[in-house]
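As structure tokens, the structure follows; a few thoughts come after it.
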Amino acid sequence: MEYFSVFEGFSPPLKDVNLPIQEAIQVFIFDHLDTLRPHMEGGLSPKAKAVLMRLAKGDRKIHSIYKKESISQLQGRAIYKQLFDAGFIQKEKTRELPLKAHPKQRLKKSLRHYHAEDKIHFCHQFARFWFTFIAPHDEVASMQKQLDLGFESYVSLGFELLSQSLLLQELSPLGAIHQGSYWDKRHEIDLLLELEDGRVIAGESKWKNRRVCKNILTALQRKCERAHLHVTHFVLFSKSGFSKELERMKDERVWLYDLNAFERLRDD
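Numbering (full-length UniProt numbering), first residue to last: 1 to 268.
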């Protein structure tokens with residue numbers, strides 16, 4: 001999991017490397033900063049680099065980044081085009097339904113200026129790692145300090161992405177119409193998958209050093225209900241396993257995956 005979150009997209013790909021992740025970062029990244037930095041940052045304007053660092057922090061909605069980096073929409077569109085064309089980023093389109101059911105419907109004042117936004121993702125995890133821990137700093141000591149403080153939190157998004165990959169692999173014969181995460185003004189759901197047979201699966205991934213308990217399932221079910229999503233199955237992914245209460249549940253609509261399940265991805 002840690003290797004995927006750091007080295008997916010690294011060139012050349014690492015094969016048969018059994019070093020602890022921190023040692024691998026030292027050997028393959030810190031020891032080669034002089035050659036990696038021009039490759040990762042060469043040709044990027046200061047604003048483009050700032051946008052990538054903001055995206056790496058998890059702020060992935062397009063227009064909120066414009067505001068935080070004092071970028072005009074015209075300038076922002078040019079920067080995004082550069083980053084799309086260079087293969088740094090890709091777009092995940094929102095699945096949020098319009099707030100207005102018909103043009104003449106009046107919305108509450110607080111919602112009149114709200115617009116559903118697409119999200120931006122890094123195409124590869126190595127670029128996300130670089131602009132999270134390397135690009136913001138000049139000294140290795142500063143990079144290492146931030147790595148020590150934030151690496152566990154950083155890996156959680158990689159775990160979420162691999163959770164989606166695992167579920168898609170498991171359900172590949174059934175065919176997916178829509179896949180990815182779900183968000184709207186009030187709710188965030190790690191995974192929402194719509195299958196050709198009409199089933200809708202919502203999921204949460206937890207990269208935590210504690211077992212996932214039933215309250216996580218209950219919270220997921222409530223979010224889906226409040227977002228008016230007609231979900232047929234719920235899936236939970238956990239780094240540290242599940243509570244006995246969840247494991248004893250006899251509910252065919254609830255699926256549980258621990259780290260052992262991800263060995264199937266490695267085998268493929």
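Glycine is no exception: its CB is placed at the ideal position from the N, C-alpha and C atoms.
Select from Ile201, Ala78 and Ile21 the residue whose C-alpha is nearest the C-alpha of Ala48. By 1-based counting over the sequence shown, the position of residue 48 is 48. When only C-alpha atoms are compared, the closest one is Ala78.
Can you tell me the Cα-Cα spacing of Ser243 and Phe237, whole angstroms? Walking along the sequence shown from the start, residue 243 turns up at place 243. Walking along the sequence shown from the start, residue 237 turns up at place 237. When rounded, the separation of the alpha-carbon atoms in Ser243 and Phe237 is 12 Å.
Cβ pair Glu152, Trp207 closer than 9 Å: To locate residue 152, count along the sequence shown from 1; it is residue 152. To locate residue 207, count along the sequence shown from 1; it is residue 207. Yes, the Cβ-Cβ distance between Glu152 and Trp207 is below 9 Å.
Using the Cα positions of Gln90 and Asp16, report the straight-line distance between them to the nearest angstrom. Counting from 1 along the sequence shown, the entry for residue 90 is found at position 90. Counting from 1 along the sequence shown, the entry for residue 16 is found at position 16. Within the model, the alpha-carbon separation for Gln90 versus Asp16 is close to 29 Å.
At a cut of 8 Å, does the segment 246 to 256 reach the segment 223 to 238 through at least three beta carbon pairs? The segment 246 to 256 is in contact with the segment 223 to 238.
Among all the DSSP beta bridges, which residues are the ones paired with Phe30? Translated into the one-based positions of the sequence shown, residue 30 becomes position 30. Listed as beta-bridge partners of Phe30 by DSSP are no residues whatsoever.
Alpha carbon of Ile21 to alpha carbon of Val27, nearest angstrom: By one-based count along the sequence shown, residue 21 stands at place 21. By one-based count along the sequence shown, residue 27 stands at place 27. If you take the alpha carbons of Ile21 and Val27, they lie about 10 Å apart.
Spatial distance of Phe7 from Pro46 (CA atoms): In the sequence shown, counting from the first residue as 1, residue 7 sits at position 7. In the sequence shown, counting from the first residue as 1, residue 46 sits at position 46. Whole-angstrom Cα-Cα distance: 25 Å.
Just the C-alpha distance for Arg264 and Ser172, rounded to the nearest angstrom, thanks. As a position in the sequence shown, residue 264 is number 264, starting the count at 1. As a position in the sequence shown, residue 172 is number 172, starting the count at 1. So the alpha carbons of these two residues sit roughly 14 Å apart.
Please report the distance separating the alpha-carbon of Leu246 from that of Val212. Here the question's residue 246 lines up with position 246 in the sequence shown. Here the question's residue 212 lines up with position 212 in the sequence shown. The alpha-carbon atoms of Leu246 and Val212 are separated by roughly 8 Å.
What residues match up with Gly203 in a beta bridge as DSSP calls it? What you label residue 203 is simply residue 203 of the sequence shown in a count that begins at 1. Note: Gly203 sits in a beta bridge opposite Leu191 and Val235.
Just checking my contact of Leu161 with Gln179 at CB under 8 Å: how many whole Å lie between their CB atoms? Counting from one through the sequence shown, the residue named residue 161 turns up at place 161. Counting from one through the sequence shown, the residue named residue 179 turns up at place 179. Wrong, their Cβ atoms sit about 11 Å apart, outside the cutoff.
What three-state label does DSSP hand Pro13 in the structure shown? Here residue 13 is taken as the residue at index 13 of the sequence shown, counted from 1. DSSP places Pro13 in the coil class of the three-state scheme, outside both helix and strand.
So which of Arg222, Leu217 and Gln164 has the shortest CA-CA distance to Glu194? Within the sequence shown, residue 194 is the residue found at index 194, counting from 1. The shortest Cα separation from Glu194 among Arg222, Leu217 and Gln164 belongs to Gln164.
Just to confirm before moving on: does the CB-CB distance between Thr132 and Lys239 stay below 9 Å? Position 132 of the sequence shown, counted from the first residue, corresponds to residue 132. Position 239 of the sequence shown, counted from the first residue, corresponds to residue 239. It is not a contact, given that the beta carbons lie outside the stated cut-off.
Buried or exposed: which applies to Gly150, given that a residue is buried once 16 or more other Cβ atoms fall within 10 Å of its Cβ? As a first step, residue 150 is located in the sequence shown; it is residue number 150 there, counting from the start. Exposed, by the Cβ-count rule.
Does the beta-carbon of Ile120 have 16 or more other beta-carbons within 10 angstroms, so that it is buried, or is it exposed? Looking up residue 120 in the sequence shown gives position 120. Buried.
Counted within 10 angstroms of its Cβ, other Cβ atoms place Asn18 as buried (16 or more) or exposed: As a first step, residue 18 is located in the sequence shown; it is residue number 18 there, counting from the start. Burial state of Asn18 is exposed, judged by a 10 Å Cβ sphere holding fewer than 16 other Cβ atoms.
Below 8 Å on the Cβ atoms is my guess for Asp118 versus Glu139; work out the distance and round it to an integer in Å. Start at 1 with the first residue of the sequence shown, and residue 118 comes out as number 118. Start at 1 with the first residue of the sequence shown, and residue 139 comes out as number 139. Taking C-beta atoms under 8 Å as the contact rule, Asp118 and Glu139 fail to qualify, at a distance of about 36 Å.
State the CB to CB distance for the pair Gln146 and Phe4, rounded to an integer number of angstroms; the pair is presumed to be in contact (CB under 8 Å). Counting from 1 along the sequence shown, the entry for residue 146 is found at position 146. Counting from 1 along the sequence shown, the entry for residue 4 is found at position 4. Their Cβ separation, rounded to whole angstroms, is 20 Å, which puts Gln146 and Phe4 out of contact at 8 Å.
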